[in-house]
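Read through the structure below, which is laid out as structure tokens, and then see the notes.
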Amino acid sequence: MAYCEAKEVREMLKDDALNSIIGDTYIEDEAERETKIAPIVENAIADAEGEIDGYLAKRYPVPLSVVPKAISKFAKDIAVYN
């Protein structure tokens, strides 16, 4: 089970921050912009979940079947940071 959804992470990213993520040129077409950012968000989420699992695996079976809200928030925050 995923600790957070790509939509949640994407909503946390400000549009002006996207330029530094996907390149210096602003992409006017929203669909094209979202197409470029989607794999980056998915990779950031996978990295965040791996990092969380790395810490939790010392005490709990991972991935967690029931995701506490705190873990979901941490996953989103780490993904945005990544």
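My numbering numbers the first residue of the sequence shown as 80 and each following residue consecutively. Yeah, the Cβ is synthetic: ideal placement off N, Cα and C, and Gly gets one too.
Pop quiz: residue i and residue j are said to be a contact at Cβ under 8 Å. What is the actual Cβ separation, rounded to whole angstroms?
i	j	result
I131	Y82	6 Å
In chain order, what residues of the same chain have a beta carbon less than 7 Å from the beta carbon of residue i, not counting five sequence neighbours either side?
i	result
V159	V88, M91, L92
Check for me: the alpha helix (DSSP H) holding residue i runs from which residue to which?
i	result
R112	109-135
I100	94-101
Y160	148-160
A85	85-91
Let me know if residue i comes out buried or exposed under the rule of 16 or more other beta-carbons within 10 Å of its beta-carbon.
i	result
A149	exposed
K155	buried
A96	exposed
A110	exposed
A125	exposed
Suppose the cutoff is 8 Å on Cβ atoms and the five residues either side in sequence are ignored; what does the same chain contact list for residue i look like?
i	result
I101	R112, K115, I116, I119
N98	T104, Y105
Give me the Cα-Cα distance between residue i and residue j, rounded to the nearest whole angstrom.
i	j	result
R138	S144	14 Å
A127	G133	10 Å
Kindly list the residues whose CB is nearer than 6 Å to the CB of residue i, restricted to its own chain and excluding five residues on each side of it in sequence; keep chain order.
i	result
L135	V141
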